[in-house]
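Q:
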Amino acid sequence: MNQQSGQIRVAGVLAEFGGAEALLAAAAKVRTAGYRQFDVCSPYPVHGMDQAMGLGRSPLGWIVLGCGISGAAAAMLLQWYANAYDYPLVVSGKPYFAWQPFLVVVFEVMVGASAFGAILGMLVLNRLPRWHHPLFENADFARASDDGFFLYINATDGEYQLEKTEALLADIGGKSIARIEEA
93 MNQQSGQIRV
103 AGVLAEFGGA
113 EALLAAAAKV
123 RTAGYRQFDV
133 CSPYPVHGMD
143 QAMGLGRSPL
153 GWIVLGCGIS
163 GAAAAMLLQW
173 YANAYDYPLV
183 VSGKPYFAWQ
193 PFLVVVFEVM
203 VGASAFGAIL
213 GMLVLNRLPR
223 WHHPLFENAD
233 FARASDDGFF
243 LYINATDGEY
253 QLEKTEALLA
263 DIGGKSIARI
273 EEA
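The sequence shown begins at 93 in the working numbering and counts up by one.
#1: Does ILE272 come out as helix, strand or coil in the three-state DSSP assignment?
#2: Quick one: what does DSSP say LEU278 is sitting in, helix, strand or coil?
#3: Kindly indicate the opening and closing residues of the beta strand (DSSP E) around GLY104.
#4: May I ask you to list the residues that DSSP assigns as paired with LYS267?
#5: Alpha helix (DSSP H) containing PHE208: first to last residue?
#6: Do ALA112 and ILE264 have their beta-carbon atoms positioned less than 8 Å apart in this structure?
#7: In angstroms, rounded to a whole number, what distance separates the CA positions of ARG128 and LEU170?
#8: Could you compute how far the alpha carbon of MET93 sits from the alpha carbon of GLU274?
#9: So what does DSSP say about PHE233, is it helix, strand or coil?
#10: Quick one: what does DSSP say PHE189 is sitting in, helix, strand or coil?
#11: Within the same chain, show all residues whose beta-carbon is closer than 6 Å to that of VAL156, passing over the 5 residues directly before and after it, in chain order.
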């Protein structure tokens with residue numbers, strides 16, 4: 093509750109749908125209505141939902157590629173520095189910088205850097221960890237990981253108007269439409 097004005101601040105509107113097909117159709121209609129800041133929650137992935145929501149390809153692959161190349165370059169540079177520049181030592185008549193024996197280390201560092209890049213990139217892109225979201229207070233939303241299909245429209249969306257948004261969700265088949273209050 094906003095203590096200065098005595099009004100409750102609404103974070104968004106949540107609606108439940110009857111199944112995966114209904115949720116997919118609702119997401120497409122919400123996107124067509126001009127909403128961009130909305131999300132869907134279902135107990136399993138729904139094929140075609142990314143297209144219905146208008147989501148593009150994830151930049152995570154580029155992040156992983158960049159981390160892998162950086163890790164490989166750093167490993168090769170470190171081995172070059174240690175063996176050819178800082179402490180040159182002839183071993184078995186090989187030149188100071190024989191790159192062939194270093195490939196195993198380069199590969200392992202590349203894989204490790206890519207894995208860390210994937211984990212950290214996923215956390216950053218998903219804005220995690222988020223310890224609390226106003227949706228967690230809704231009792232019905234607890235079923236999202238079991239048998240519930242939900243669509244949530246955020247109040248920060250440019251098209252958002254409380255009554256208009258609730259009417260849209262009701263028109264496209266939303267049940268149990270709930271206002272989600274700010275914590």
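Beta carbons are placed, not taken as given, at the ideal position from N, Cα and C, and that holds for glycine.
Note that the structure is a prediction, hence the values are computed from the model and not measured.
A: Judging by the given coordinates:
#1: In the sequence shown, counting from the first residue as 1, residue 272 sits at position 180. Strand at ILE272.
#2: With the chain covering only 93 through 275, there is no way to say anything about residue 278.
#3: As a working note, residue 104 is residue 12 in the sequence shown. First-last of the beta strand (DSSP E) with GLY104: 102 to 109.
#4: Along the sequence shown, read from residue 1 onward, the residue named residue 267 stands at position 175. Beta-bridge annotation (DSSP): LYS267 is paired with GLU108.
#5: On the sequence shown, position 116 is the one that residue 208 refers to. Note, PHE208: alpha helix (DSSP H), 195 to 217.
#6: As a first step, residue 264 is located in the sequence shown; it is residue number 172 there, counting from the start. As a first step, residue 112 is located in the sequence shown; it is residue number 20 there, counting from the start. No, Cβ-Cβ distance for ILE264 and ALA112 is not below 8 Å.
#7: Indexing the sequence shown from 1 puts residue 128 at position 36. Indexing the sequence shown from 1 puts residue 170 at position 78. ARG128 and LEU170: Cα-Cα distance of roughly 46 Å.
#8: To locate residue 93, count along the sequence shown from 1; it is residue 1. To locate residue 274, count along the sequence shown from 1; it is residue 182. Low per-residue confidence applies at MET93: pLDDT is 44, beneath 50, and the placement is therefore not dependable, though the value from the model is reported in the following sentence. Their backbone Cα atoms lie some 8 Å apart in a straight line.
#9: Taking the first residue of the sequence shown as 1, we reach residue 233 at position 141. DSSP, reduced to helix, strand and coil, places PHE233 within a helical segment of the structure shown.
#10: Here residue 189 corresponds to residue number 97 of the sequence shown, with the count starting at 1. PHE189: coil per DSSP, three-state reduction.
#11: Position 64 of the sequence shown, counted from the start, is the residue given in the question as residue 156. Counting only Cβ-Cβ distances below 6 Å, and skipping sequence neighbours, we find SER206, GLY209, ALA210.
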